[in-house]
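One structure is given below, encoded as structure tokens.
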Amino acid sequence: MVGIIGIVVVFVMVFGGYLAAGGKMAIVLKSLPYELAIIGGAGIGAFLISNDLNAVKQTAKDIGKVFKGPKWKPADYRDLLCLLFALIRLVRQDPVAVEQHIEDPQNSSIFAPYPRILQDGEAVDLICDTLRSASMNYDDPHQVEEVLEKRTEANFHHAMHSSHALQTVADGLPALGIVAAVLGVIKTMGSIDQPPEILGKLIGGALVGTFLGVFLAYGLVGPFAARLKTVVEEDSHFYQLIREVLVANLHSHAAAICIEVGRQNTPAHIRPGFTELEEALRALKQEAA
Numbered sequence: 343m344v345g346i347i348g349i350v351v352v353f354v355m356v357f358g359g360y361l362a363a364g365g366k367m368a369i370v371l372k373s374l375p376y377e378l379a380i381i382g383g384a385g386i387g388a389f390l391i392s393n394d395l396n397a398v399k400q401t402a403k404d405i406g407k408v409f410k411g412p413k414w415k416p417a418d419y420r421d422l423l424c425l426l427f428a429l430i431r432l433v434r435q436d437p438v439a440v441e442q443h444i445e446d447p448q449n450s451s452i453f454a455p456y457p458r459i460l461q462d463g464e465a466v467d468l469i470c471d472t473l474r475s476a477s478m479n480y481d482d483p484h485q486v487e488e489v490l491e492k493r494t495e496a497n498f499h500h501a502m503h504s505s506h507a508l509q510t511v512a513d514g515l516p517a518l519g520i521v522a523a524v525l526g527v528i529k530t531m532g533s534i535d536q537p538p539e540i541l542g543k544l545i546g547g548a549l550v551g552t553f554l555g556v557f558l559a560y561g562l563v564g565p566f567a568a569r570l571k572t573v574v575e576e577d578s579h580f581y582q583l584i585r586e587v588l589v590a591n592l593h594s595h596a597a598a599i600c601i602e603v604g605r606q607n608t609p610a611h612i613r614p615g616f617t618e619l620e621e622a623l624r625a626l627k628q629e630a631a
């Protein structure tokens with residue numbers, strides 16, 4: 343919703359200010375379809391050249407995040423901590439019993455109460471793979487910690503590709519606007535024998551290309567890339583929380599301490615309250631009893 347409001351504000355303030363200053367939209371509207379075809383088409387073409395098919399599909403899908411915002415909400419972080427607590431307790435009580443849960447999480451009674459987490463393949467794989475690695479009796483828990491860190495960094499880098507791709511397009515749009523403007527000037531020079539009122543309109547139409555390139559870059563595509571980056575960074579905290587808790591478990595801290603380590607390392611605006619989490623864990627213990 344905020345993203346839509348931002349787009350409306352950009353258009354209203356830019357074009358509203360232009361009209362309020364006495365500008366005429368006729369010249370802009372007449373040239374807009376052609377300039378947009380040149381700049382937009384070239385921008386899309388450059389995007390397709392610089393990315394493979396999977397990246398193109400992923401970027402198209404990720405644009406929706408600009409309006410939807412982060413996937414993981416504060417309640418999801420609370421649920422994740424409860425899930426990890428249940429798994430860690432079971433690992434400590436009966437290491438053999440936990441295998442059925444990490445080998446088949448889709449049919450696990452521990453994972454079942456948390457369908458949003460269960461639907462995220464990366465989160466489930468990260469949890470199960472780490473617990474499976476821990477069961478291999480690594481001599482040094484730092485080995486698993488290093489693997490986890492590299493995995494989360496690789497996933498984050500992959501998730502950021504859409505933002506980088508959009509930012510690259512945004513960086514190129516002003517130059518493509520100049521290309522469109524130059525073509526407009528070439529067209530104008532072909533009508534140099536026309537009267538000033540005709541030449542004025544032609545030159546104005548050519549300058550629409552420069553305007554459109556800069557407007558699209560800094561008014562739309564650039565902000566889209568920045569917002570997408572923010573959303574990806576926000577969602578990455580969810581996977582970092584998994585890493586923090588499971589690494590604490592590898593160092594044989596008490597289950598409650600492992601959960602508190604994860605809670606404390608979660609950003610304040612999405613961090614579950616201590617009392618809220620304590621009540622959720624208490625309810626979990628009562629159900630398990």
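Throughout, the working numbering is defined as the position within the sequence shown, counted from one, plus 342. Every residue, glycine too, gets a C-beta built ideally from N, C-alpha and C.
### Task
Give the secondary structure of I347 by DSSP, where H, G and I count as helix, E and B as strand, and everything else as coil.
helix
### Task
Pull up the CB-CB distance for A512 and A567, whole angstroms please, since I reckon it's below 8 angstroms.
6 angstroms
### Query
If you pair each beta-carbon of the segment 574 to 587 with each one of the segment 522 to 529, do three or more pairs fall below 8 angstroms?
no
### Message
Closer than 6 angstroms to a non-hydrogen atom of the ligand MN - does that hold for the CB of V408?
### Response
With respect to small molecules bound, the structure shown includes none, and the ligand MN cannot be examined in it.
#### Entry: L361 burial status per 10 Å Cβ neighbour count (16 or more: buried)
Burial call: exposed.
### Query
In terms of alpha-carbon separation, which member of V344, V550, L623 lies closest to K366?
V550
### Inter-residue Cα distance where the pair is K492 and L378
42 angstroms
### Query
Between the segment 493 to 505 and the segment 445 to 460, are three or more C-beta pairs nearer than 8 angstroms?
no
#### Entry: Complete alpha helix (DSSP H) runs within the segment 446 to 524 (minimum length 4 residues, chain order)
457 to 460, 463 to 476, 483 to 501
### Proximal residues to S505 (C-beta, below 7 angstroms), its chain only, five neighbours per side dropped
A567, L570, K571, V574
### Query
Where does H579 fall in DSSP's three states?
helix
### Task
Using 10 angstroms around the beta-carbon of S373, count the other beta-carbons present and answer buried if the total reaches 16, otherwise exposed.
buried
### Message
Looking only at its chain, what residues have a beta carbon closer than 7 angstroms to the beta carbon of A622, apart from the 5 residues adjacent to it on each side?
### Response
R420, C424
### Query
Can you list, in chain order, the residues of its chain whose CB lies under 7 angstroms from that of F409, leaving out five sequence neighbours each side?
G345, I346
### Task
Might you give, ordered along the chain, the residues of its own chain that have their beta carbon closer than 8 angstroms to the beta carbon of V398, omitting 5 neighbours on each side?
The beta carbon of V398 is closer than 8 angstroms to those of F389, L390 in its chain, skipping five residues each way along the sequence.
### Task
Note down the Cα distance separating K403 from P537, rounded to an integer number of angstroms.
K403 and P537 have their C-alpha atoms some 50 angstroms from each other.
### Query
To the nearest angstrom, how far is it from the Cα of A417 to the Cα of G385?
40 angstroms
### Query
Counting pairs of Cβ atoms below 8 angstroms between the segment 345 to 359 and the segment 550 to 563, do you hit three or more?
yes
### Query
Run through DSSP, which three-state label would K388 get?
The sequence given here has Ala at residue 388, not Lys. Helix at A388.
### Query
Going by C-alpha distance, which of I469, W414, R613, G555 is nearest R585?
I469
### Message
Tell me the residue span of the alpha helix (DSSP H) that contains D436.
### Response
Element bounds for D436: n/a, residue is neither H nor E.
### Task
Express the C-alpha separation of N396 and V370 in angstroms, rounding to a whole number.
36 angstroms
#### Entry: Option nearest A596 by Cα separation, candidates I430, G348, V438
The option with the nearest alpha carbon to A596 is I430.
### Message
Which residue wins for smallest C-alpha separation from A548, given the options E539, M343, G555, V527?
### Response
Comparing Cα-Cα distances from A548 to each of E539, M343, G555, V527, the minimum goes to V527.
### Task
Rounded to whole angstroms, what's the CA-CA distance from G514 to G615? Just pull it up for me.
45 angstroms
### Query
For T608 versus A507, is the C-beta distance shorter than 7 angstroms?
no
#### Entry: Which listed residue (L473, V603, V556) has its alpha carbon closest to that of G382
V556
### Message
Closest to A598 by C-alpha separation, out of I612, H611, A610, L619, would be which residue?
### Response
L619
### Query
Going by beta carbon distance, what residues of the same chain come within less than 8 angstroms of E464, once the five residues before and after it are set aside?
N497, Y581
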